[in-house]
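Data block below; observations after.
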Amino acid sequence: MRASDKAKIRQRRIAHTLLVVFSFSLMFLGKLDLNALRSARMGMNDFTAPFVDLVSAPVRGVETMVQGIRTVASLRAENVRLQAENALLKRWRRRAEILESENRQLRSVAGAVTPDRRQPVTARAVTAPGGAFAHTVLVANGREQGIERGNPVVTADGLVGLVVDVGATYARVLMISDINAQIPVILSSSSWPGVTVGNNGTFLSLRFLPEEAAPKVGELVLTSGHGGVLPAGVPVGRVDLVRDDFVRVRPAVDLRHLSYVSILVGGTEGIDLDNLALEDYYTPLPETEGTRLFEGVNAAGERQ
Amino acid sequence: MTPRGRFFQKAELDSNWPFQFLIIVFGVVLAMFEGGLALWPVFYGATPILSLIFLFWVALHHEKLVFLVTGFLIGIASDLLFSDLIGGRATAYIAVVFLMDIRRAKLQQGDFRDVWVEFVAVTTGVVLFQFLVFSALNLAIPAITPVLFQVGVTLILFPIGYVILTTVNMAFNRIRVSS
């Protein structure tokens, strides 16, 4: 073997080793959540998202076709179901009107502040979680539409997640089912606070509940509004399973069928979303015994 | 006499560079398509790893067209678009290309069963690597069911992908020979 060949092989080996080291170190750099890396990622997403959208078009087409066939096949059954649902909704509406009136009276007594002013911006979900290691989606709206990091993302059914990265025209949403998503919540009927944690699966687990809390299967779980990032009272899911200390929650939104979502813009003025001091914004337990938290109100009685 | 310039010459099809570039582009597009498959509720959270099938096949049959950087670029594109673990799949794909360099000669002499068994090991290795690194970095274990589903679907789709890629390759070869 000639000396030049040996040198070439050596150079190649060095290049390969550097590539492996670079690739491996990227995993750790990614976890450091560096601004530069985040911007680079969203820059690339802004550039590639239209291509992803284009490549996904056949998949979306087939899905639409299958849904169409399924709809036609189940039209009669669907009609019967809708009529029953309509009757139920009418009953619920009457009940809601009564509760609304009662709520208004209670608010005036308690001197509660009106809900946060947030503007909904509709966005199309371009992708869906494809891997078992991340539950995020790209949505076709970004900085140009006023989207900011930390904006909650909802549908008519409840909470989907919150915006974690914003590009010029696309934003990345961390879904409530992601392993990194921890949402401060309260149980609807008992008002006990807790935190839902995703596990990159279908369900969420409800943690950090006080010992006295006794969640019931079917009980609604709502955002508590602690921290001020998410508005209070948005449905997160329903308690699905209670076994010893383990409480499982089924998300209110069917995350597998996301097509359009609403991003709630605004309402986070004064909150440093990049540097949340938990002790200032999140008080999970009442300071004095015997008191319970209300939606969006911390232990000191202030609205968060 | 009619002048015959360079426009009438045969196209140069023997250069390796455009094919290497095409393989990277096709791999990235396949990674995008793979992410798009998640729009089907059945593949929600666990799409088959089509880019791995492609990378494995190309590394097995066209050794000169695949470098470590090919695996890296396909993997990093997939990571940036759909994963929380940037570099996880890229590192795993580099390892796949490296492994195929070692195992290629033996696999080319074996039958399809040997290739499939090798692919089972490769897929399990790729997913297990990501799983371990992800768990270590997040200090939490993700749901196992989608991980197993993803591995299972990928292994089932491998023979189909293998046949399709071989057929396309044969068609390309025929075009090249006839031209």
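For the protein sequence lines, the chains are R and X, in the order given.
Using this note's numbering, read the first sequence as starting at 37 and increasing by one per residue.
Using this note's numbering, read the second sequence as starting at -11 and increasing by one per residue.
Positions of the beta carbon are idealized from the N, C-alpha and C atoms, including for glycine.
Residues of the region 73 to 92 of chain R with a C-beta atom less than 9 Å from some C-beta of chain X are Leu73, Ala76, Arg77, Met80, Asn81, Thr84, Ala85, Phe87, Val88, Asp89, Leu90, Val91 and Ser92, listed in chain order. Taking C-beta atoms as the reference points, R/Val272 and R/Thr232 count as a pair closer than 8 Å.
Contacts between X/Val57 and chain R, judged by CB atoms closer than 7 Å, involve Leu55 in chain order.
Contact check between the region 64 to 77 of chain X and the region 61 to 76 of chain R: three or more CB pairs, one atom from each, fall below 8 Å, which counts as touching.
Under a criterion of Cβ atoms nearer than 9 Å, the residues of chain R adjacent to X/Tyr32 are, in order, Ala164, Pro165, Gly166, Thr238, Leu291, Arg292 and His293. In the DSSP assignment, R/Thr191 falls outside any beta strand (DSSP E), carrying neither H nor E. Within 8 Å of the CB of X/Met20, the CB atoms of chain R belong to Thr84, Phe87, Val88, Val91 and Ser92, in sequence order along the chain. Within chain R, no C-beta atom comes less than 8 Å from the C-beta of X/Leu10; the nearest is roughly 16 Å away.
Within the region 182 to 215 of chain R, Ile215 place their CB atoms closer than 7 Å to a CB of chain X, listed in sequence order. Cβ contact annotation for X/Arg92 (same chain, cutoff 8 Å, sequence separation greater than five): Ala47, Leu48 and Glu51, in chain order. Contact check between the region 30 to 49 of chain X and the region 107 to 122 of chain X: three or more CB pairs, one atom from each, fall below 8 Å, which counts as touching. Only residues of its own chain outside the window of five on either side were considered, and among them Pro134, Phe137 and Gln138 have a CB closer than 6 Å to the CB of X/Ala34, listed in chain order. Classified as buried, X/Glu22 has 16 or more neighbouring CB atoms from the shown chains inside 10 Å of its CB. About 6 Å separates the beta carbon of X/Leu73 from that of X/Gln118, a gap short enough to meet the 8 Å contact definition. When the Cα atoms are used, R/Ser59 and R/Arg77 turn out to be separated by approximately 15 Å. Per DSSP, the unbroken alpha helix (DSSP H) holding X/Tyr81 starts and ends at Gly76 to Gln97. The alpha-carbon of R/Val301 is positioned some 21 Å away from that of R/Ala288. Per the C-alpha coordinates, the member of R/Gly104, R/Gly166 and R/Val257 positioned closest to R/Val88 is R/Gly166. Note that the C-beta distance between R/Arg154 and R/Gly303 is below 8 Å. Interface annotation for the region 34 to 55 of chain X against chain R: Ala34 and Thr35, criterion Cβ-Cβ distance under 7 Å. Take the alpha-carbon of R/Val283 and the one of X/Leu127: they are about 20 Å apart. Here R/Arg127 is actually not in contact with X/Tyr32; their C-beta atoms are around 33 Å apart, not less than 8 Å.
Flagged as an interface residue toward chain R: X/Val135, by a C-beta distance shorter than 8 Å. Remark: C-beta atoms of R/Met211 and R/His262 do not approach each other more closely than 8 Å. Against R/Ser59, the close residues of chain X are Phe60, Gly75, Ala78, Thr79 and Ile82, in the order they occur along the chain (beta-carbon pairs closer than 7 Å). Of all residues in the region 109 to 131 of chain X, only Gln118, Val121, Phe122, Leu125, Asn126, Ala128, Pro130 and Ala131 place a beta-carbon less than 7 Å from a beta-carbon of chain R. For the C-beta of R/Thr172, the chain X residues within less than 9 Å are, from N- to C-terminus, Phe70, Ser71 and Asp72. One alpha carbon belongs to R/Val199, the other to X/Val17, and they sit about 26 Å apart. Taking a cut-off of 8 Å on C-beta distances, the region 170 to 189 of chain R does not touch the region 249 to 258 of chain R, as fewer than three cross pairs fall below it.
Taking X/Ile132 as reference, the option from R/Val173, R/Phe169 and R/Arg179 with the minimal CA-CA separation is R/Phe169.
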